[in-house]
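**Student:** Provided herewith is a single structure, encoded as structure tokens, for subsequent inquiry.
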Amino acid sequence: VLTHHHNEKKKREYVNTSLYNTHLVQSPASIAIAIAIAEPQPVVSTREQSIAMKTLICTLHVLLLFASLATISTAWTTPIGTTQRLKESPTTIQRSNTNANDDTTTITRKELLHKTIQIGASASATLAAMTYRPNPASARARTEAEEKKCDPGDARCRQGGELGDMPSGQPIPAVTNRITYVVQMIVDIGERREGDAGYIRFGVYGDACPGSVKQLLLFLTRGITSMNKETFEDALEIDFAPVSLMDGGSVQNICSGKGIDFGIPSQSKAYSKNRGLRTAGPNFVSQSRPMPTLEGEAFPRPHSAAGLISIPAKGIGYGNTLSDDEAYSSAFTITAEEAPTLDKPNSAQQQRVIGQIIDNESMQFLDRIANLPVQKKVGKSNSGPPLLKVRVRDIDVQKVKDDSDKKKKKSR
74 VLTHHHNEKK KREYVNTSLY NTHLVQSPAS IAIAIAIAEP QPVVSTREQS
124 IAMKTLICTL HVLLLFASLA TISTAWTTPI GTTQRLKESP TTIQRSNTNA
174 NDDTTTITRK ELLHKTIQIG ASASATLAAM TYRPNPASAR ARTEAEEKKC
224 DPGDARCRQG GELGDMPSGQ PIPAVTNRIT YVVQMIVDIG ERREGDAGYI
274 RFGVYGDACP GSVKQLLLFL TRGITSMNKE TFEDALEIDF APVSLMDGGS
324 VQNICSGKGI DFGIPSQSKA YSKNRGLRTA GPNFVSQSRP MPTLEGEAFP
374 RPHSAAGLIS IPAKGIGYGN TLSDDEAYSS AFTITAEEAP TLDKPNSAQQ
424 QRVIGQIIDN ESMQFLDRIA NLPVQKKVGK SNSGPPLLKV RVRDIDVQKV
474 KDDSDKKKKK SR
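Just so you know, we're using the working numbering here: the sequence shown kicks off at 74 and counts up by one.
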């Protein structure tokens, strides 16, 4: 009995070892891995080659998985001879010998499983190493691009995150109309504690386009109120506030190197923020677009230079077709270069030049803002809101004294 049991054990170990060698060592996955290691593939340079390589790698992983599962399942199958001997041997000696052999078989299975896992892990690591073959040239290019990216708060930071020269600004535009008011805006780039600030000083043509200038000065100071008398009569039941650039005004859009748009992104958000509320509430009513429109007013000059201030042809509030709450998000524009598209008559983009920048420092700061990195959107290029918030901190308006007024005072 002992001799027969010893022979069965040797036969079972031989079968397990043969299956192990057949399914793993000589499996197609192992052969493919060996070939791939011996003859490494060239670096993928095109999309089609990349797809083919990824398909091959996935196929090798699947073959290796099936080979490992087949080996484990074969090794875990209980030999038929053991079950038959349990049925055919009535003595206690035979049963104890069978249990001892089962323990030996269990140890062999554990060793086989351990070896299978080791080979599978080694092959997977090899495949992973084969999958990623970095191209030195592309890696170097990525490193150089990352090093070139600059801090948006740096005055030299330009579109695309690249460092450029310090803002120099274009020449001051020639004065073609009499300036009646001078406006100075202090603008913060980024957070006030960590960012930088500058000013934009410009004059407006009050004689050439009085209606447009009056509307702009109201928007810059006290605010525009467009509600009718019926709405005012029910003012006790509603919440409202004039629309002013002093209350939540900021740069809403930058067209890289071409111009910037100032406005109020949302009247309700500006109202709640200024009053320390979470929301404006259900009783808040936004100011509508001013009526009547300013379409009949003259156009003093074309958009032929940088540093010109212009508003929509119909007036402030008509720069978009959004709801009343967002109607003033693009109130007026300051050009950073000539913009003939804004001069097309009877078009939605037509605007009216009503003023100009009057000093070199303001032109330099305009160049700084116009080249800030923007939040690029899908379908749009080099245009969008700035990455850093650009807010209006303070505005001051001064009237320019007329020479005729001086003469009248002297005569008196």
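Beta carbons: idealized from backbone N, C-alpha and C, even for Gly.
How long is the line joining the alpha carbons of Phe-292 and Ala-270, rounded to whole angstroms?
**Tutor:** 22 Å
**Student:** So, at 6 Å on beta carbons, what are the nonlocal neighbours of Thr-249 in its own chain, with the 5 sequence-adjacent residues on each side left out?
**Tutor:** Close CB contacts of Thr-249 within its chain, under the 6 Å cut and outside five residues either way in sequence, are with Arg-374 (chain order).
**Student:** Could you pull out every residue in the same chain whose Cβ sits closer than 6 Å to the Cβ of Ala-486, ignoring the five residues on either side in sequence?
**Tutor:** Here the chain has residues from 74 to 485 only, and residue 486 is not among them.
**Student:** Along the chain, where does the alpha helix (DSSP H) that runs through Arg-425 open and close?
**Tutor:** Here Arg-425 belongs to no alpha helix (DSSP H); instead the beta strand (DSSP E) covers 424–430.
**Student:** Short of 7 Å in beta carbon distance, which residues of its chain neighbour Ala-371, apart from the five on each side in sequence? Order them along the chain.
**Tutor:** Ala-281 and Cys-282
**Student:** Using DSSP with H/G/I as helix, E/B as strand and the rest coil, what is Val-473?
**Tutor:** coil
**Student:** Looking only at DSSP bridge pairs, what is Met-258 linked to?
**Tutor:** Ile-273 and Ile-468
**Student:** Alpha carbons only, please: which of Ala-404, Ile-442, Ala-400 and Ser-377 is nearest the one belonging to Leu-415?
**Tutor:** Of Ala-404, Ile-442, Ala-400 and Ser-377, the residue nearest in Cα terms is Ser-377.
**Student:** Under the DSSP definition of a beta bridge, which residues are partnered with Asn-326?
**Tutor:** Asp-334
**Student:** I'd like to know whether the C-beta atoms of Asp-397 and Gln-360 end up nearer to each other than 8 Å.
**Tutor:** With respect to Gln-360, Asp-397 sits close: the two C-beta atoms are nearer than 8 Å.
**Student:** For Met-364, count neighbouring Cβ atoms within 10 angstroms of its own Cβ and tell me buried if that reaches 16, exposed if not.
**Tutor:** exposed
**Student:** Within 10 Å of its beta-carbon, does Gly-349 have 16 or more other beta-carbons around it, so buried, or fewer, so exposed?
**Tutor:** exposed
**Student:** Rounding to the nearest angstrom, what Cα-Cα distance links Asn-21 and Gln-288 in this structure?
**Tutor:** Any answer about residue 21 is impossible in this case: the structure gives the chain only from 74 up to 485.
**Student:** Do Pro-240 and Arg-362 have their C-beta atoms within less than 8 Å of each other?
**Tutor:** no
**Student:** Please report the Cβ distance between Ser-435 and Gln-325, rounded to the nearest whole angstrom; I am assuming they are in contact, meaning their Cβ atoms lie under 8 Å.
**Tutor:** Between the beta-carbon of Ser-435 and that of Gln-325 there is about 20 Å, and that puts the pair past the 8 Å contact cut.
**Student:** Ala-421: buried (16+ other C-beta within 10 angstroms of its C-beta) or exposed?
**Tutor:** exposed
**Student:** Please give me, in chain order, every unbroken run of the alpha helix (DSSP H) with length at least 4 that falls completely inside the segment 350–387.
**Tutor:** none
**Student:** How many Å lie between Ile-327 and Leu-133 at the Cα?
**Tutor:** 51 Å
**Student:** Please state the DSSP three-state secondary structure of Asp-416.
**Tutor:** helix
**Student:** For Leu-455, does the count of other Cβ atoms within 10 angstroms reach 16, so buried, or fall short, so exposed?
**Tutor:** Position check: residue 455 holds Asn in this sequence, whereas Leu was assumed. Label assigned to Asn-455: exposed.
**Student:** On a Cα-Cα basis, can you pick out the residue from Ala-314, Asn-347 and Ala-386 that is closest to Asn-356?
**Tutor:** Ala-314
**Student:** Would you mind sorting Asp-334 into buried or exposed? The rule is 16 or more other CB atoms within 10 Å of its CB.
**Tutor:** buried
**Student:** Between which two residues does the beta strand (DSSP E) carrying Ile-407 extend?
**Tutor:** 405–408
**Student:** For the alpha helix (DSSP H) containing Ser-64, name the first residue and the last one.
**Tutor:** There is simply no residue 64 to check, as the chain begins at 74 and stops at 485 in what is shown.
**Student:** Specify, as a first and last residue, the run of the alpha helix (DSSP H) that Glu-264 falls within.
**Tutor:** Element bounds for Glu-264: n/a, residue is neither H nor E.
**Student:** Going by other Cβ atoms of all chains shown within 10 Å of its Cβ, with 16 needed for buried, is Gln-404 buried or exposed?
**Tutor:** The amino acid occupying residue 404 in the given sequence is Ala; Gln does not appear at that position. Counting every other CB atom within 10 Å of its CB across the protein chains shown gives Ala-404 a total of 16 or more, marking it as buried.
**Student:** Compare the beta carbon distance of Gly-369 and Ile-430 with 8 Å and say whether it is the shorter of the two.
**Tutor:** no
**Student:** Among the candidates Asn-444, Val-470 and Lys-472, whose CA atom is the shortest distance from the CA of Val-463?
**Tutor:** Asn-444
**Student:** So what does DSSP say about Pro-283, is it helix, strand or coil?
**Tutor:** Reduced to three states, the DSSP call for Pro-283 is helix.
**Student:** Check this for me: beta carbons of Val-260 and Val-447, under 8 Å apart or not?
**Tutor:** no
**Student:** Give me whichever residues DSSP pairs with Cys-223 in a beta bridge.
**Tutor:** DSSP lists no partner for Cys-223.
**Student:** Could you tell me the distance, in whole angstroms, from the CA atom of Lys-472 to the CA atom of Leu-460?
**Tutor:** 35 Å
**Student:** Straight-line CA distance for Pro-244 to Lys-127?
**Tutor:** 56 Å
**Student:** Using the DSSP secondary-structure output, state which residues sit across from Pro-459 in a beta bridge.
**Tutor:** Val-447
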